[in-house]
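With the numbering used here applied, the sequence shown covers 80 to 296.
Quick reminder that beta carbons are idealized off the backbone N, C-alpha and C, glycines included.
What follows is a short report on a single structure.
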Amino acid sequence: LGTAGDFAILAKSAISTVPPSAITGDIGVSPAAGSFITGFSLTMDPSTEFATSSQVTGRVYAADYGVPTPAELTTAVGDMELAFTDAAGRAPDVSELGAGDIGGMNLAPGVYKWGTGLLVPTDVTLDGSATDVWIFQIAQDLTVSSGANVLLIGGALPKNIFWQVSGLVDMGTTSHLEGTVLTQTAVTLHTGASLNGRLLAQTAVALDANTIVQPAP
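What follows is the structure in structure tokens.
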């Protein structure tokens, strides 16, 4: 992930929230300006390098903040795009599992590929050790239904889980996801949805009273 891994949320065009959200980690937008971070009631630091928010345990960065923030964000966005391309290029171990519906499944580590969208309508379990890796390559949208959860057992860690999504990511109310989301477009989290991981979006991220915790490295 390079320096993109330093962020809980990184987006190119906008980050919005309907308060109160609770984000553990830094958030940033680039090349968009700070005016495209909305709903956070930002307070600019005297250095002008970052802002703070009661909804963010960490710092808030935008492309029009003081030096060296713009250059650092440009690097992070480049790293985010490289990570997306890298994840998309991995050779799959399993293709078209469940015809794009993995509700109720228990998934071993590996690279999973779908030429369609992926639906998580009910709980899905990722079963593996602390060193195992999951990569999900999704050619269209990722949809997590309201109340559905991605669960980890056996020591699996969110830092080793990657959702590479060419379309939109939509997480229903009170749903829960684990891992880093790398999307070529936008992410929407509906009321009460939560994530242990990162949202790295090549367009916008829209939150609604969500909890996001950046995983330990």
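Non-local beta-carbon contacts of residue 237 in its own chain, meaning distances under 6 Å to residues more than five positions away in sequence, involve 257, 258, 275, 276, 294 in chain order.
Counting only runs that start and end inside the region 183-211, the beta strand (DSSP E) elements of at least 3 residues fall at 189-193, 197-199, 203-206. Check the Cα spacing between residue 254 and each of 265, 272, 247, 96: the tightest is with 272. DSSP places residue 107 within a strand segment (E or B) once states are collapsed to three.
Assignment of residue 283 by DSSP, reduced to helix, strand and coil, places it in the strand class. When only Cα atoms are considered, residue 199 and residue 220 end up about 11 Å apart. Going by C-alpha positions, residue 224 is about 14 Å away from residue 230.
Per DSSP, the continuous beta strand (DSSP E) segment holding residue 249 begins and ends at 248-250. Excluding the 5 residues flanking it on each side, residue 181 has same chain C-beta neighbours closer than 8 Å at 197, 198, 199, 203, in chain order.
Per the C-alpha coordinates, the member of 193, 186, 115, 94 positioned closest to residue 211 is 186. Residue 131 sits in a strand when the DSSP states are folded into three classes.
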